[in-house]
Amino acid sequence: MLKMIHLSKMMTISRRMFSTSLSRPTMVEMFYDLASPYTCLQVHLLDRQLGHWKSMDLKMTPVSIAHIMKASSNSPPIKVQAKGRYMFRDLKDLSEYYRIPFALPDIFVDTVFEKGTVKTQRFMMAVHENAPELHDKLIRIAYANFFTTENAVDIANIEEMKKLASKAGCSTDLIAKIEQDMNDDKVKTALKQNTDRVVELGCFGLPITLVHRSDEPLEMSWVFGSDRIHIIGHYLGEKEPPILR
Numbered sequence: 037m038l039k040m041i042h043l044s045k046m047m048t049i050s051r052r053m054f055s056t057s058l059s060r061p062t063m064v065e066m067f068y069d070l071a072s073p074y075t076c077l078q079v080h081l082l083d084r085q086l087g088h089w090k091s092m093d094l095k096m097t098p099v100s101i102a103h104i105m106k107a108s109s110n111s112p113p114i115k116v117q118a119k120g121r122y123m124f125r126d127l128k129d130l131s132e133y134y135r136i137p138f139a140l141p142d143i144f145v146d147t148v149f150e151k152g153t154v155k156t157q158r159f160m161m162a163v164h165e166n167a168p169e170l171h172d173k174l175i176r177i178a179y180a181n182f183f184t185t186e187n188a189v190d191i192a193n194i195e196e197m198k199k200l201a202s203k204a205g206c207s208t209d210l211i212a213k214i215e216q217d218m219n220d221d222k223v224k225t226a227l228k229q230n231t232d233r234v235v236e237l238g239c240f241g242l243p244i245t246l247v248h249r250s251d252e253p254l255e256m257s258w259v260f261g262s263d264r265i266h267i268i269g270h271y272l273g274e275k276e277p278p279i280l281r
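Taking the working numbering as reference, the numbering of the sequence shown is continuous, increasing by one, and the terminal residue is 281.
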């Protein structure tokens, strides 16, 4: 009798352990550059799935979109006349449909294509290394303050990024450390390695969302764009459709 009780307890523990392993969240890694408008939309959409999709563990990884485009011999939509015209309409349609507060600022071309955001992304990489708990918050604050027509912040200006970092909760000392570290070879290398990972996956732009599935190679587990959120759910094995609006 005692042996049967002991066996029953062991089976119960085994089932719990098996259930826990099955329910462990899957990492969904979103590679971002603050210059990318479609990535801004994707952040909003992924945020809506947090709590809705219990299987998702969201991670944000900084990369350089300029280097991704160069390595893949791709051109930004805005540099191809027909694509550029469509992009403006597409972003307007998507943001209205998803009910996401979004607008391309007047400074967009100057900030992204004239100045560039490589230094901005190094700043974000340094935030990621020094204050990971504030990193994701700063991403959302930066997007909200850049993709707007109301006093848009020039994210290519590190002084402006420091102000946004303060809003995210970074102390004066921490911001000074971040500014120092962004010029360090360690941070530059880390950003390059993140970017190289994306290129090696076969990617050609942003946003890239990678689902770390155990049953498929990573090369077959990423999606491009902000209009394939349902495919991410499919990769996760979610039965519930995504929350879009």
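For each residue, glycine too, the CB sits at the ideal point set by N, CA and C.
Asked                                                                                                                                                                            : Found
Do the CB positions of residue 130 and residue 262 come within less than 9 Å of each other?                                                                                      : yes
Looking at the secondary structure, which residues open and close the beta strand (DSSP E) in which residue 97 lies?                                                             : 92–98
Any contact of the segment 196–208 with the segment 82–89, i.e. 3+ C-beta pairs under 8 Å?                                                                                       : no
Taking C-beta to C-beta, are residue 160 and residue 113 nearer than 9 Å?                                                                                                        : no
In the DSSP output, which residue or residues are listed as bridge partners for residue 63?                                                                                      : 93
Can you tell me whether DSSP reads residue 281 as helix, strand or coil?                                                                                                         : coil
For residue 189, which residues in the same chain have their Cβ closer than 6 Å to its Cβ, ignoring the five residues on either side in sequence?                                : 181, 182 and 196
Please classify residue 212 as buried or exposed, where buried requires at least 16 neighbouring CB atoms within 10 angstroms.                                                   : exposed
Let's test the definition: count the other Cβ atoms within 10 Å of the Cβ of residue 79 and tell me whether it reaches 16, buried, or not, exposed.                              : buried
Looking at residue 89: is its Cβ nearer than 9 Å to the Cβ of residue 252?                                                                                                       : no
Distance, Cα to Cα, residue 61 vs residue 117?                                                                                                                                   : 42 Å
Does the Cβ-Cβ distance between residue 138 and residue 184 come in under 9 Å?                                                                                                   : yes
Drop a sphere of 10 angstroms on the beta-carbon of residue 241, count the other beta-carbons inside from all chains shown, and report buried for 16 or more, exposed for fewer. : buried
What's the call for residue 158, buried or exposed, on a 16-neighbour Cβ count within 10 Å?                                                                                      : buried
Who are the near neighbours of residue 67 in its chain, counting only those whose CB is closer than 6 Å to its CB and skipping five residues on each side?                       : 97, 99, 234 and 244
Relative to the ligand GTP, is the shortest distance from any of its heavy atoms to the C-beta of residue 70 smaller than 8 Å?                                                   : Absence of the ligand GTP from the depicted structure is noted, as is the absence of any ligand whatsoever, leaving it without description.
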